[in-house]
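In our numbering, the protein residues as written are 142 to 711.
By construction, the Cβ of each residue, glycine as well, lies at the ideal position given by its N, Cα and C atoms.
Computed from a predicted structure; not experimentally measured.
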């Protein structure tokens with residue numbers, strides 16, 4: 142089994158669906174021309190196919206280990222990470238002042254997704270560093286930037302984020318880690334953190350932890366939290382890793398998937414750290430990192446979906462079983478139900494990828510123009526991209542198992558790994574339920590203005606497409622109207638719990654409509670081609686799901702609480 146990086150898909154989406162030309166037309170990203178982006182995607186594709194994909198199975202079969210306090214990574218991961226760092230892929234979007242490429246988030250998202258397809262466990266390491274780089278660029282002092290950013294961007298050092306504690310998961314404000322001022326510009330950090338992705342490794346010169354902790358007399362809850370940079374080894378006078386800091390990896394979590402990625406329990410025992418941002422400004426700084434990570438995690442889900450689809454397709458094109466009423470290859474790809482599964486996988490990967498890139502383009506335009514409407518669109522699309530991207534990863538990998546039949550649950554085929562690896566993406570960086578609640582609450586504080594502007598654009602495109610493909614344009618227009626009505630109902634609810642009760646269904650219904658829009662644009666650009674055929678499948682078979690989803694979204698909360706806790710038990 143081999144892996145083919147979907148470079149041509151990204152080029153098509155950039156050129157015909159997500160409007161990347163707007164990004165390259167800005168002064169900020171004028172160097173990201175079509176030829177340059179094509180070359181970058183091509184090189185990233187080669188890295189994924191030739192270097193990273195061969196590490197996919199070894200990382201699963203030979204997990205990271207903790208030996209005498211030292212994390213030993215999976216075979217080949219050191220060379221794989223070196224290839225990522227040497228190629229400049231860690232700092233692809235980072236500030237050129239500190240050695241980054243300064244490329245758009247759109248391009249970064251494409252590269253990260255391909256790396257996720259090839260080997261998600263290893264891709265997590267540079268993704269964590271990228272989030273830390275962005276947080277330091279926005280919130281750190283000049284001294285911290287000058288010392289840490291060049292080494293993080295080059296990949297010489299790696300970065301992590303430390304939020305979760307045993308008693309403080311999604312409720313970050315419940316954390317108990319403490320920070321005390323040492324009086325010399327440093328702070329003493331004490332506490333335990335869990336679920337720390339790539340909390341340590343044996344291939345980078347230093348590991349830099351961003352740690353949330355509370356200063357003495359700080360208020361309770363999230364308002365009292367500060368953010369600190371705590372390196373594994375304290376930099377010496379030359380900025381090189383010196384003596385060991387007072388922190389350690391206590392254990393590695395035993396996970397259902399992502400075995401090649403060491404997920405650590407970290408203990409900070411009076412460790413030396415430096416404040417990032419103002420005191421009690423930790424959540425603002427950390428959200429910079431988390432928002433970056435949320436788009437990245439959505440891309441991870443899509444990447445796994447792509448890998449699972451390619452894996453299932455290769456099996457279906459080879460496996461001979463039974464007879465079909467149609468003449469064909471003689472393999473199971475001729476069976477109607479197998480074809481239905483493969484078409485659904487392919488159609489949803491395209492939809493989820495398009496939504497993620499729409500979000501990335503909005504981020505880039507907001508960065509390049511400082512236009513509040515672009516920033517509002519990026520904020521609106523971020524939870525949709527994260528939740529729908531990861532759910533697509535779970536759905537497609539599950540269907541991939543079904544395509545394999547009994548062989549899907551045999552570990553040697555590698556099909557099950559995709560399901561095991563992707564499952565956690567719906568949980569970390571804010572569960573998908575939290576993403577949905579964010580969408581219907583914080584992202585609707587404008588009364589639905591940002592959503593309405595996006596729906597106006599979708600309807601305008603559908604109206605323009607009516608003269609060409611009316612049988613595809615009309616369903617997309619009608620679905621958009623249904624979504625508009627649901628949005629108006631949600632924004633009219635003053636009781637947020639009425640919104641929360643249908644938030645997950647609303648988000649998925651929104652994604653279904655966005656996917657229809659993307660497929661319609663693809664059909665218009667590829668008349669009579671494979672993409673128009675795929676669009677017909679999506680719009681006829683998958684888009685109609687929005688009706689039930691948006692109906693559920695507007696029911697309210699009363700029936701959820703109809704049963705008492707005792708009745709739930711009985």
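DSSP three-state assignment for residue 333, whether helix, strand or coil: By one-based count along the chain shown, residue 333 stands at place 192. If DSSP states are grouped into helix, strand and coil, residue 333 belongs with the strands.
From 560, 693, 676 and 681, residue whose alpha carbon lies closest to that of residue 445: In the chain shown, the residue the question calls residue 445 occupies position 304. Comparing Cα-Cα distances from residue 445 to each of 560, 693, 676 and 681, the minimum goes to 560.
Reference residue 356, options 341, 340, 387 and 323, closest by Cα: Residue mapping note: residue 356 aligns to position 215 of the chain shown, counting from 1. The residue with the shortest Cα to Cα distance from residue 356 is 323.
Extent of the continuous alpha helix (DSSP H) run through residue 224: Translated into positions along the chain shown, residue 224 becomes position 83. First-last of the alpha helix (DSSP H) with residue 224: 218 to 227.
Residue 687 burial status per 10 Å Cβ neighbour count (16 or more: buried): Start at 1 with the first residue of the chain shown, and residue 687 comes out as number 546. By the 10 Å Cβ count, residue 687 comes out buried.
Beta-carbon proximity of residue 427 to residue 276, cut-off 8 Å: Sequence index remark: in the chain shown, residue 427 carries index 286 (1-based). Sequence index remark: in the chain shown, residue 276 carries index 135 (1-based). In this structure, the beta-carbon distance from residue 427 to residue 276 falls below 8 Å.
Classification of residue 433 by the beta-carbon crowding that lies within 10 angstroms, buried from 16 upward: Position 292 of the chain shown, counting from 1, holds the residue named residue 433. By the 10 Å Cβ count, residue 433 comes out buried.
Contiguous beta strand (DSSP E) assignments of at least 3 residues, all confined to the segment 369 to 401: Runs found: 374 to 376, 382 to 385 and 388 to 393.
Neighbour flag for residue 529 against chain B, beta carbons, 8 Å: Looking for chain B here will not work: only one protein chain is present.
Closest Cα partner of residue 416 within the set 351, 381 and 475: As a working note, residue 416 is residue 275 in the chain shown. Scanning 351, 381 and 475 for the CA closest to the CA of residue 416 turns up 351.
Beta-carbon spacing of residue 500, residue 519 below 8 Å: For this step, residue 500 is matched to residue 359 along the chain shown. For this step, residue 519 is matched to residue 378 along the chain shown. Between residue 500 and residue 519, the C-beta gap is smaller than 8 Å, which places the two residues in contact.
Ranges of the beta strand (DSSP E) found wholly within the segment 404 to 447, counting only runs of at least 3: Look at the segment 404 to 447 and you find these whole runs of beta strand (DSSP E), each 3 residues long or longer: 404 to 417.
Sequence-distant residues of its chain with Cβ nearer than 6 Å to residue 337 (five each side left out): Looking up residue 337 in the chain shown gives position 196. Result list for residue 337: 301, 303, 405 and 407, in chain order.
According to DSSP, residues forming a beta bridge with residue 366: The residue given as residue 366 occupies position 225 in the chain shown. In the DSSP assignment, residue 366 forms a beta bridge with 355.
Neighbourhood of residue 696 by C-beta, 8 Å cutoff - its chain only, sequence neighbours within 5 removed: Translated into the one-based positions of the chain shown, residue 696 becomes position 555. The answer, listed in chain order, is 642 and 643.
Beta-carbon proximity check, residue 534 vs residue 442, cutoff 8 Å: For the purposes of this step, residue 534 is taken as residue 393 along the chain shown, with counting starting at 1. For the purposes of this step, residue 442 is taken as residue 301 along the chain shown, with counting starting at 1. It is a contact, given that the beta carbons lie within the stated cut-off.
Residue 526 beta carbon less than 8 Å from that of residue 496: Translated into positions along the chain shown, residue 496 becomes position 355. Translated into positions along the chain shown, residue 526 becomes position 385. Residue 496 is a Cβ neighbour of residue 526, given a cutoff of 8 Å.
Stretch pair the segment 658 to 672 + the segment 145 to 160: three plus CB contacts closer than 8 Å: With the cut-off at 8 Å, the segment 658 to 672 and the segment 145 to 160 touch.
Residue 542, DSSP secondary structure in three states: Within the chain shown, numbered from 1, the residue matching residue 542 stands at position 401. DSSP places residue 542 in helix when its eight states are reduced to three.
Own chain, CB closer than 6 Å to residue 167, minus 5 neighbours either side, in chain order: Residue numbering aside, residue 167 sits at position 26 when the chain shown is read from its first letter. Excluding residues up to 5 positions away in sequence, 509 lie with their Cβ nearer than 6 Å to the Cβ of residue 167 in the same chain.
Residue 297 - DSSP class collapsed to helix/strand/coil: Here residue 297 refers to the residue found at position 156 of the chain shown. DSSP, reduced to helix, strand and coil, places residue 297 outside both helices and strands of the structure shown, so it counts as coil.
Complete runs of the beta strand (DSSP E) confined to the segment 534 to 609 [at least 3 residues]: Fully enclosed beta strand (DSSP E) runs of 3 or longer: not present.
Residue range of the beta strand (DSSP E) that includes residue 320: Here the question's residue 320 lines up with position 179 in the chain shown. Taken as a continuous stretch (DSSP letters only), the beta strand (DSSP E) holding residue 320 covers 319 to 322.
Which residues DSSP lists as bridging residue 350, in chain order: What you label residue 350 is simply residue 209 of the chain shown in a count that begins at 1. Answer is 301 and 371, bridged to residue 350.
N-terminal and C-terminal residue of the alpha helix (DSSP H) that residue 212 is part of: The residue given as residue 212 occupies position 71 in the chain shown. No alpha helix (DSSP H) holds residue 212; the beta strand (DSSP E) holding it covers 211 to 213.
Residue 277, enclosing alpha helix (DSSP H) - first and last residue: The residue given as residue 277 occupies position 136 in the chain shown. In the DSSP assignment, residue 277 falls within the unbroken alpha helix (DSSP H) covering 246 to 280.
Reduced DSSP category for residue 144 - H, G, I as helix; E, B as strand; rest coil: Within the chain shown, numbered from 1, the residue matching residue 144 stands at position 3. Taken through DSSP and simplified to helix, strand or coil, residue 144 comes out as coil.
For residue 338, the residue or residues it bridges with in DSSP: The residue labelled residue 338 in the question sits at position 197 within the chain shown. BP columns for residue 338 point to 404.
Nearest-angstrom Cα separation, counted from residue 212 out to residue 540: The count along the chain shown starts at 1 and reaches residue 540 at position 399. The count along the chain shown starts at 1 and reaches residue 212 at position 71. When rounded, the separation of the alpha-carbon atoms in residue 540 and residue 212 is 35 Å.
Candidates 184, 194 and 151, of which the one nearest residue 449 by Cα: Mapped onto the chain shown, residue 449 falls at position 308. Among 184, 194 and 151, the Cα nearest to that of residue 449 belongs to 194.
Residue range of the alpha helix (DSSP H) that includes residue 238: Taking the first residue of the chain shown as 1, we reach residue 238 at position 97. Counting along the chain, no alpha helix (DSSP H) covers residue 238, and no H or E run does either.
Residue 693 - DSSP class collapsed to helix/strand/coil: As a first step, residue 693 is located in the chain shown; it is residue number 552 there, counting from the start. In the three-state DSSP reduction, residue 693 falls in the helix class (H, G or I).
Proximity to residue 576 [Cα-Cα], best of 627, 648 and 615: Position 435 of the chain shown, counted from the start, is the residue given in the question as residue 576. Among 627, 648 and 615, the Cα nearest to that of residue 576 belongs to 648.
Buried versus exposed call for residue 584 [16 or more other C-beta atoms within 10 Å across all chains shown]: Residue 584 sits at position 443 when you count from the first residue of the chain shown. Residue environment for residue 584: buried (at least 16 other C-beta atoms within 10 angstroms of its C-beta).
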